[in-house]
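Novice: Numbering (this note's numbering), first residue to last: 1 to 250. Yeah, the Cβ is synthetic: ideal placement off N, Cα and C, and Gly gets one too. Computed from a prediction, not measured in an experiment: that's the story for all the values here.
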C-alpha cells in the first residue's frame, strides 16, 4: 500500500522525494534541553516530518528567557518548557508520536533515558557540562548518532557558525572544556558539533549561584535559533543518508 503524504509535507516531499521523506516519518529523535537552541531544533525536526520524538527538559519558562527562547512568552512564564513545546509540536503534526519528559537528565537518569530508545538520532542541547558529557558518551556507547550544540552565548555573528566533528571545533570555550572531559573518557571524535568560531565578547558573562548554573552569559535573539537550525540540519541530513556521522570534514 502506498504511503499517504499529508498536504503539509508536500513541499518536503518535493525537495527530498518519497523514499527519504519516508525515512524521516519512520524515525525516532531524542532532543534533550529545550531552551534557546533545543526548542528550535525540536520544532525544525518536527516540521521536517519526523514521525516520533522524545523531548526532555525539567525547567520552567523565566522572564529572562523571552529574549531568545521559542516557547518563552509573557503568557508562558512559570510553565513547563517541555509541556509547552509538546503542545506546539502536536499542533504542527497531530500524528506525531511524542513522549514528553519533565526532568533533569543526569547520572542514572541518562542511562534510563537512553535505554528507553532506541533512537535514530539524538540532539544534545544541554547547557551544563557534566550531564552533557554523560549524554554524549551514553549515545556513543549505544551507537546512537548525536549532534551536540556548543555555546551560542556571548556572540552575535550567525555567519561564523560551523558544523564539524567535535575534534575540529575551535575558538569555543564550551567545546574546549567538553573535549577535555571527553578525552578523559577516551572519546576524541565521532559526533558532529554545532559551534561558532566568533571570539567571545568581553564583559558578556557574570557569575551567579542558580540551580545547575554558575554563570549567566549574554545572548542575542537570533543566534540560539541559528544553532538550533544547525542541529536540526545534521539530524535531518543524517537520517536521509546525506551526512556521514563519522566524517570529520562535515
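1. In angstroms, rounded to a whole number, what distance separates the CA positions of residue 183 and residue 235?
2. Going by beta carbon distance, what residues of the same chain come within less than 8 angstroms of residue 98, once the five residues before and after it are set aside?
3. What residue range does the alpha helix (DSSP H) around residue 136 cover?
4. May I have a chain-ordered list of the alpha helix (DSSP H) segments no shorter than 4 residues that lie completely inside the segment 24–78?
5. Which of the three DSSP states, helix, strand or coil, is assigned to residue 196?
6. Taking the continuous beta strand (DSSP E) assigned at residue 233, which residues delimit it?
7. Could you tell me the distance, in whole angstroms, from the CA atom of residue 38 to the CA atom of residue 132?
8. Can you give the Cα-Cα distance for residue 103 and residue 9, rounded to whole angstroms?
9. Taking the alpha-carbon positions, what's the residue 134 to residue 44 distance?
10. Given this structure, state the Cα-to-Cα distance separating residue 114 from residue 242, to the nearest angstrom.
11. Whose CA, out of 153, 25, 42, lies closest to the CA of residue 95?
12. Using only the alpha-carbon positions, how far apart do residue 249 and residue 162 sit?
13. Quick check on DSSP: helix, strand or coil for residue 161?
14. Cα separation between residue 6 and residue 17?
15. Report yes or no: do three or more beta-carbon pairs, one from the segment 167–178 and one from the segment 142–155, lie closer than 8 angstroms?
16. How would you label residue 93, buried or exposed, when you count the other beta carbons within 10 angstroms and need 16 or more for buried?
17. Which term fits residue 68, buried or exposed, when burial requires 16 or more other beta carbons within 10 angstroms of its beta carbon?
18. Let's test the definition: count the other Cβ atoms within 10 Å of the Cβ of residue 78 and tell me whether it reaches 16, buried, or not, exposed.
19. In angstroms, rounded to a whole number, what distance separates the CA positions of residue 15 and residue 48?
Specialist: Short version:
1. The residue labelled residue 183 in the question sits at position 183 within the chain shown. The residue labelled residue 235 in the question sits at position 235 within the chain shown. About 24 angstroms.
2. Taking the chain shown and counting its residues from 1, the one referred to as residue 98 is at position 98. The answer, listed in chain order, is 52, 53, 54, 55, 86, 89, 90.
3. One-based indexing of the chain shown puts residue 136 at position 136. Its alpha helix (DSSP H) spans residues 129–142.
4. 38–47
5. Your numbering for residue 196 matches position 196 in the chain shown. In the structure shown, residue 196 sits in a strand (DSSP, three-state: E or B).
6. Counting from one through the chain shown, the residue named residue 233 turns up at place 233. Note, residue 233: premise wrong, no beta strand (DSSP E); alpha helix (DSSP H) at 223–239.
7. The residue given as residue 38 occupies position 38 in the chain shown. The residue given as residue 132 occupies position 132 in the chain shown. Going from the Cα of residue 38 to the Cα of residue 132 covers about 13 angstroms.
8. Numbered from its first residue, the chain shown carries residue 103 at position 103. Numbered from its first residue, the chain shown carries residue 9 at position 9. Each residue's Cα considered, the two are about 32 angstroms apart.
9. Within the chain shown, residue 134 is the residue found at index 134, counting from 1. Within the chain shown, residue 44 is the residue found at index 44, counting from 1. Whole-angstrom Cα-Cα distance: 25 angstroms.
10. The residue given as residue 114 occupies position 114 in the chain shown. The residue given as residue 242 occupies position 242 in the chain shown. Rounded to the nearest angstrom, the two C-alpha atoms are 25 angstroms apart.
11. For the purposes of this step, residue 95 is identified with residue 95 of the chain shown, where counting begins at 1. Ranking the options by Cα distance to residue 95, first place goes to 25.
12. Sequence index remark: in the chain shown, residue 249 carries index 249 (1-based). Sequence index remark: in the chain shown, residue 162 carries index 162 (1-based). Since pLDDT at residue 249 reaches only 47, below the 50 mark, its modelled position is unreliable, and no value is offered.
13. Position 161 of the chain shown holds residue 161. Here residue 161 sits in strand by DSSP.
14. Counted from its first residue, the chain shown places residue 6 at position 6. Counted from its first residue, the chain shown places residue 17 at position 17. Going from the Cα of residue 6 to the Cα of residue 17 covers about 14 angstroms.
15. yes
16. The residue you call residue 93 lines up with position 93 of the chain shown. The residue in question, residue 93, is buried, as its Cβ has 16 or more Cβ neighbours within 10 Å.
17. Numbered from its first residue, the chain shown carries residue 68 at position 68. Under this definition residue 68 is a buried residue.
18. On the chain shown, residue 78 is found 78 positions in, with the first residue counted as 1. So residue 78 counts as exposed.
19. By 1-based counting over the chain shown, the position of residue 15 is 15. By 1-based counting over the chain shown, the position of residue 48 is 48. The alpha-carbon atoms of residue 15 and residue 48 are separated by roughly 11 angstroms.
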